[in-house]
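If you want the numbering used here, it's the 1-based position in the sequence shown plus 15. From the three backbone atoms N, C-alpha and C, an ideal C-beta is built for every residue, glycine too. Read through the structure below, which is laid out as structure tokens, and then see the notes.
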Amino acid sequence: MSSDHKESSYKQKNIELADLLTKQLIVSNEDFEKVSALLSKEFDRGLRSTEDSFVKMYLTYVRSLPNGEENGRFLALDLGGTNVRALLVEFHRSQSESSATESNQKQQQQEPQKGSIEIIDSSIETIPTEIFHGTGEQLFDFIAEFIIEFAFRNKLTGERIALGFSFSFPSIQKGIAEATLVTWTKTFNCSGVVGCDVVRLFKASLERKAHPSIPFIDVVAILNDTTGTLIYGALLDENCRIGLIVGTASNACYVEHSSRIEKWPSNYNDPEQMIINCECGAFGDNYVIDWALTCWDRQLNYESLNLNKQIHEKLISGMYLPELLRRCLLTLIELGIVFNGKTPIELLQPYSIRTRYMSHIDQDDENDKNNFPNTRIALTNIFNMKNPLFKNGFNDSDVKIIHMINRRITKRSANFVANALRTLANRIDNIDISIAYDGSLICLHPHYRCWVEEKLNEFIKTSEIKKRFRLIRANDGSLYGAAIVAAICDR
Ligand code: ADP
Ligand code: MG
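Below you can see the structure in the form of structure tokens.
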């Protein structure tokens, strides 16, 4: 055997070994049936009681969807990650459908338009670092000043303007404008807020900072980003019943019948429904899907800051996928299957790979004759090319293997999302179900959304009731949704 031939059969062996070792990242449809049944059970448990459940199924008190009767000007405020954002919109009560132009209807069938919302002004401001760790009063004074200044520059008139507050932190709601913060997440840790009603705190700041030349800002609703996404989707498509976020975190919400929400027995009047914020990232926190986890999922969980929490989210969200890739690669390196068994220093640092590189890698196709150009570029970004290991570029089999495991990890994430969606869809009577989505992973990854659709279609094939799904992008749903909910409250 020539040395070239030897080399190539050695590379082929590595590819086969890597394939075999990472097959555990492929979840069969049979296993997804089991996962779906378990998830459904957790949904039921959450609908019975928030205390005794892992998947919390929080009540949002958002019951009506937009119906075209929304009218007038509204404010929205979004407090999410690093920024605070404001929005001023005007709704125009919709004309009868027949008067909509054909091109308008066509547009609505494709990507979402702003529907009957007219955007008048928007503003964004970075939250200063000292505010993240200051007092609650400082935080709410800061955002009150921000929205008052925004109202001022828009020369708002009248006595009062309603505001929808998008607040994406786990909270227990007792009404549409009442939310007790359970815990801060992300970079926030303001004192004196956990256990308090954030709407009350915000209103107190608004009162302190009120300006005589602008109308009274009336906080009429508080909601999270998932709910906002669903509501915005419902403005774009009347069949929208599910909201989905896949970004740093992952979560979903849906419209549930009042009669099926056991823990909320009080109110069966019209409309007999409510949006339920599933917080389904916590599915698996009671170990029910441990059998579906790989060794890399387990390692990631053991060494995470939130041990045994957000197990489902750890399989799905953009925050964790690159960490799974890194851990999987380390295993293959240790076995000598990748990089000749040598570990590049960049891989030793947890959470060092950026999610967007996984999107770059997935731009290549495994059947491409082009030799994975995007994967090579992504690897050049991840690794320091001064490293002697890469002085001649990347070895063909390494590139192929990295592309394969990257794809298995992202595809598995999309499949788990599809599985959660069909499990939710089974609770909804409609045959046509539109799903509004937002979040950078599902929006920016080149194939993620298609993979979710493909898997949904596979699931339909074996299901008794043939639902028809449609995924609609609800860009900035958290902000638009807050304005829409404010308008619904004032309807
Ligand atoms: P958030 O979830 O914080 O509200 P986003 O929805 O924008 O914000 O999600 C940001 C997350 O999405 C990042 O933390 C990262 O995990 C992931 N992400 C960012 N850019 C990309 C990309 N190009 N492709 C895939 N995932 C991305
Ligand atoms: Mg977000």
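Annotation: the continuous alpha helix (DSSP H) that includes alanine 433 extends over 411-440. Looking only at Lys406, Phe89, Pro185 and Asn301, the smallest Cα-Cα distance to glycine 173 is reached by Phe89.
In chain order, the residues with a C-beta atom nearer than 6 Å to some heavy atom of ligand 1 are Gly95, Gly96, Gly262, Thr263, Ala264, Gly333, Met334, Thr370, Arg371, Ser374, Gly454, Ser455, Leu456, Leu459 and His460. Arginine 427 and leucine 456 have their alpha carbons spaced roughly 13 Å apart. In the three-state reduction of the DSSP assignment, aspartate 305 falls in the helix class, which pools H, G and I. At a Cβ-Cβ threshold of 7 Å, leucine 80 and alanine 249 count as neighbours. Judged by their CB atoms, isoleucine 246 and glycine 454 are not nearer to each other than the 7 Å cut-off. Taking valine 261 as reference, the option from His327, Arg223 and Gly190 with the minimal CA-CA separation is His327. In the DSSP assignment, no residue is bridged to histidine 460. Per DSSP, the unbroken beta strand (DSSP E) holding serine 181 starts and ends at 175-182.
Relative to ligand 2, even the nearest heavy atom lies 6 Å or more away from the CB of aspartate 380.
According to the DSSP assignment, leucine 102 belongs to the beta strand (DSSP E) that extends over 98-106.
Listed in chain order, the non-local C-beta contacts of phenylalanine 431 below 6 Å within the same chain comprise Leu330 and Ile331, local neighbours out to five positions each way being set aside.
The C-alpha of proline 185 is placed about 18 Å away from the C-alpha of glycine 299.
In the DSSP assignment, glycine 87 falls within the beta strand (DSSP E) that extends over 87-94. About 7 Å separates the Cβ atoms of glutamate 57 and serine 68, confirming a contact at the 8 Å cut-off.
A residue is called buried once 16 or more other Cβ atoms fall within 10 Å of its Cβ, and tryptophan 466 is buried on that count. Cα atoms of serine 55 and alanine 297: separation of roughly 13 Å, rounded to the nearest angstrom. In this model, valine 353 and proline 403 are separated by some 15 Å (Cα to Cα).
Between isoleucine 257 and isoleucine 450 a beta carbon distance of about 4 Å is seen, short of the 8 Å cut, so the two are scored as contacting. In this structure arginine 423 does not touch isoleucine 30 by the C-beta definition: roughly 13 Å separates them, more than the 8 Å allowed. DSSP, reduced to helix, strand and coil, places glutamine 39 within a helical segment of the structure shown. Separation of the CB atoms of serine 181 and leucine 92 is rounded to 7 Å, and the pair is thereby assigned contact status at 8 Å. Note: methionine 334 is not bridge-paired with any residue in the DSSP secondary-structure output. Taking C-beta atoms as the reference points, valine 50 and isoleucine 304 count as a pair closer than 7 Å.
At a Cβ-Cβ threshold of 7 Å, tyrosine 452 and leucine 238 do not count as neighbours. Taking non-hydrogen atoms of ligand 2 into account, the C-beta of aspartate 93 is found less than 6 Å away from none of them. Note on alanine 52: under 16 other CB atoms within 10 angstroms of its CB, so exposed under the neighbour-count rule.
Judged by DSSP secondary structure, histidine 272 falls outside any alpha helix (DSSP H) and instead within the beta strand (DSSP E) spanning 265-272.
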